Each structure stands twice: as structure tokens, then as C-alpha cells.
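**Q** Here it is: the structure, laid out below.
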Ligand code: ATR
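Okay, here's the thing in C-alpha cells:
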């Protein structure tokens, strides 16, 4: 059977094995999908050992997404734009690196949540790797604007400058934001992931019918989604759909088959 795995440090919490096992069952693909723990200084050797053992593909999670891009012999355009890879596919004797995170969030927003992003004003909170990875896929939906707000303004300005040739992106600070409001507000920060904190964002960011989207997924409501409730946001979603859709996109890259993602929501969030 063809071998796949998710590689990370830590990796024990990853839902990818459960997701891909369900995709394989539903599509009849003959494959196994494991968890691979790599030491912090041992990513490349773990990946090579996996290839020697006949590994066909990997999902890459924290903190190895940059290293995954660096070791690949061939890189997709979207992984290059993201500056990171979450998916590796063995082709001949080299690794092909891709990034399916951006496609995953766009698909969750548009297909699952029914949001047409065309002509919308989008606010992206954060300017790290997660924010960078979604910019070009968001541009592909023809939004009116993508605005970046970050705790450290210089990073927001640098990210916007790096992508200004590719789409309608600008950086703001709480001072230059003024009274602007947004249709979609995406949390691409790690704020509140480890401990509960007060978020540094201004009041009044949301239009009356706005969607708040957290790229973080957790079993309990995330810090960001709890904050959006206090802002009386019309609709909100966490990153479960993004997690499922990026996995489906990786599965498609590896197997050429697009799995139905709907059953995964019931599997991973029973009773919702
Ligand atoms: P990732 O690859 O997950 O994006 P990262 O590159 O470390 O990780 O970026 C983390 C993001 O979360 C950054 O935008 C960071 O803001 P700074 O650039 O100001 O560091 C943001 N972040 C982390 N903790 C935060 C907090 N307590 N409040 C607001 N933003 C926070």
C-alpha cells in the first residue's frame, strides 16, 4: 500500500491521519497514512528516510513548513508565493512541494460557508506565515480590498509591500484604519492559542452582515471567536473547514481523486 504521513514536532495532536483515512475509505484508495515525529534538527533526514522506505507523500506541519519548501526539488507557484510548503509529493527521486492551505481556506469560505468574496473588503489580522499563505489565493477571488492589520505594524507593511503587485493589498495601523469596516475578517495570528489573552484589535471592524473567520481550529470556541461575539458579529467560523479542505486538496494532489469533504465535518465535530 502507498505510504503517506504527517510530519511535525509536535504531531501527536494532528487530525490529518483521521481525515486522510476517511478520505481513503470513501474513495477506495489503497494507502496508509501515519504520524511522523521529527526532532527539531532532524527534519531533512526524517523526510529522506521516509522516501527510502517507499513514502509517497507528506503533510508538513509546525515548525517545518519552511524547511519543506527548501528541501524540495520542485516547487508549485502557490507554495513559492506562500513561502512555505504544507504538502510534499514524491516524484521520481525528488520531492515536489505544494501549499494547499490557501486553497483550503478559500474553498471553506466560498463552497462551505457560501461567501462570495468578489468585491468584498477583507481584513487580515496578522502578518506571519499564515497570513502570507492566504494572500494570493484570496486575490484569486477578486476581492475589492485586502487590508492587513498586525500587532507589529512594520511586519504588516512589509507583507503588503511584498504582494502589492499581485493584488489590492494595503497595510493599516489602528490609527490609519479610521472608520473602515469589513465584510470578512480573518484571524491569521496565533494570539490566544496558548493562553487566554485580551486581543489588541480595535472595536467596530465588522459590517452588519460580516463573517469572522479564525484560521485556528479548536474543540472549544477560540479566543478570537469569543472576542467576535462581544463585537456582535453576524456569522463566525473556526478553521475546521480549512483543515478539512486543505487535506482534500493534498489528497487530490497525491491521488488525483477529489474526496467529498462534507462527511468530515460530522466526523470531527459530532453533534454540531
Ligand atoms: P504563523 O506562521 O503562524 O503566522 P508567525 O510568523 O510567528 O506564525 O506569526 C504569528 C502572528 O501572530 C504574527 O502576526 C504575530 O504578530 P507580531 O507580528 O506582532 O508578532 C501574531 N501574534 C502572536 N501573538 C499575538 C498577540 N498576543 N496579539 C496579537 N498578535 C499576535
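Residue numbers (the working numbering): 614 to 885.
Glycine included, C-beta positions come from ideal geometry on N, C-alpha and C.
Since the model is a prediction, treat every value here as computed from it, not as a measurement.
#1: Would you call the stretch 735 to 742 and the stretch 795 to 802 in contact, with 3 or more CB pairs under 8 Å?
#2: Three or more C-beta pairs under 8 Å: does that hold for the stretch 835 to 844 against the stretch 686 to 700?
#3: Are residue 857 and residue 632 close, meaning C-beta to C-beta below 9 Å?
#4: Is DSSP giving residue 727 helix, strand or coil here?
#5: Starting from residue 644, trace the beta strand (DSSP E) in both directions and tell me its first and last residue.
#6: Hey, out of 860, 854, 673, 864, whose CA is closest to residue 726's CA?
#7: Between the Cα of residue 798 and those of 762, 644, 774, spot the shortest distance and give me the residue it belongs to.
#8: Can you tell me whether residue 778 is helix, strand or coil according to DSSP?
#9: If you measure between the beta carbons of residue 735 and residue 795, is that distance less than 9 Å?
#10: Given 8 Å as the limit, tell me if residue 717 has its C-beta closer than that to any heavy atom belonging to the ligand ATR.
#11: Look up residue 690 in the DSSP assignment and say whether it is helix, strand or coil.
#12: With distances taken Cα to Cα, identify the nearest neighbour of residue 710 among 704, 700, 716.
#13: Okay, do the stretch 842 to 851 and the stretch 866 to 877 touch, 3+ Cβ pairs below 8 Å being the bar?
#14: When the Cα atoms are used, what is the spatial distance from residue 638 to residue 829?
#15: Please state the DSSP three-state secondary structure of residue 807.
#16: Applying the criterion that 16 or more other CB atoms from any shown protein chain within 10 Å of the CB defines a buried residue, is residue 672 buried or exposed?
#17: Which residues bound the alpha helix (DSSP H) around residue 633?
#18: Whose C-beta lies closer than 8 Å to the C-beta of residue 831 among residues of the same chain, with five residues either side of it excluded?
#19: Compute every distance between the C-beta of residue 813 and the non-hydrogen atoms of the ligand ATR, then say whether any falls below 8 Å.
#20: The ligand ATR heavy atoms versus the CB of residue 768: any closer than 8 Å?
#21: Just to confirm, are residue 840 and residue 670 a CB contact at a threshold of 9 Å?
#22: For residue 814, which of helix, strand or coil comes out of DSSP?
#23: Nearer than 8 Å: is that true of the beta carbon of residue 558 relative to any heavy atom of the ligand ATR?
#24: Go ahead and label residue 705 buried or exposed: buried means 16 or more other beta carbons lie within 10 angstroms of its beta carbon, across all protein chains shown.
#25: Give the straight-line distance between the Cα atoms of residue 646 and residue 627, rounded to the nearest whole angstrom.
#26: Report the CB separation of residue 643 from residue 630 in whole angstroms; it is logged as a contact under 8 Å.
**A** In terms of the structure at hand:
#1: Three or more Cβ pairs drawn from the stretch 735 to 742 and the stretch 795 to 802 lie within less than 8 Å of each other, which places the two stretches in contact.
#2: Because the criterion of three Cβ pairs below 8 Å is not met, the stretch 835 to 844 and the stretch 686 to 700 do not touch.
#3: Contact: yes.
#4: Residue state, collapsed to three classes: coil.
#5: Looking at the DSSP string, the run of the beta strand (DSSP E) that includes residue 644 is 644 to 650.
#6: Closest by alpha carbon: 854.
#7: The shortest C-alpha separation from residue 798 is found at 762.
#8: It is coil, neither helix nor strand.
#9: The beta carbons of residue 735 and residue 795 sit closer together than 9 Å.
#10: No, the Cβ of residue 717 stays beyond 8 Å of every heavy atom of the ligand ATR.
#11: In this structure, residue 690 counts as helix in the three-state DSSP scheme.
#12: When only C-alpha atoms are compared, the closest one is 700.
#13: Because the criterion of three Cβ pairs below 8 Å is not met, the stretch 842 to 851 and the stretch 866 to 877 do not touch.
#14: Rounded to the nearest angstrom, the two C-alpha atoms are 27 Å apart.
#15: Residue 807 carries a coil assignment under DSSP once its states are collapsed to helix, strand and coil.
#16: Within 10 angstroms of the beta-carbon of residue 672 lie 16 or more other beta-carbons, which makes it buried.
#17: From DSSP, the alpha helix (DSSP H) with residue 633 extends over 629 to 640.
#18: Take residue 831, set aside five residues on each side of it, and the residues of its chain with a beta-carbon closer than 8 Å to its own are 851, in chain order.
#19: For the ligand ATR, at least one heavy atom lies less than 8 Å from the Cβ of residue 813.
#20: Indeed, a heavy atom of the ligand ATR lies less than 8 Å from the Cβ.
#21: No, these two residues do not count as a Cβ contact at 9 Å.
#22: It is coil, neither helix nor strand.
#23: Here the chain has residues from 614 to 885 only, and residue 558 is not among them.
#24: By the neighbour-count rule (16 or more Cβ atoms within 10 Å), residue 705 is not buried but exposed.
#25: The alpha-carbon atoms of residue 646 and residue 627 are separated by roughly 12 Å.
#26: About 16 Å separates the Cβ atoms of residue 643 and residue 630, ruling out a contact at the 8 Å cut-off.
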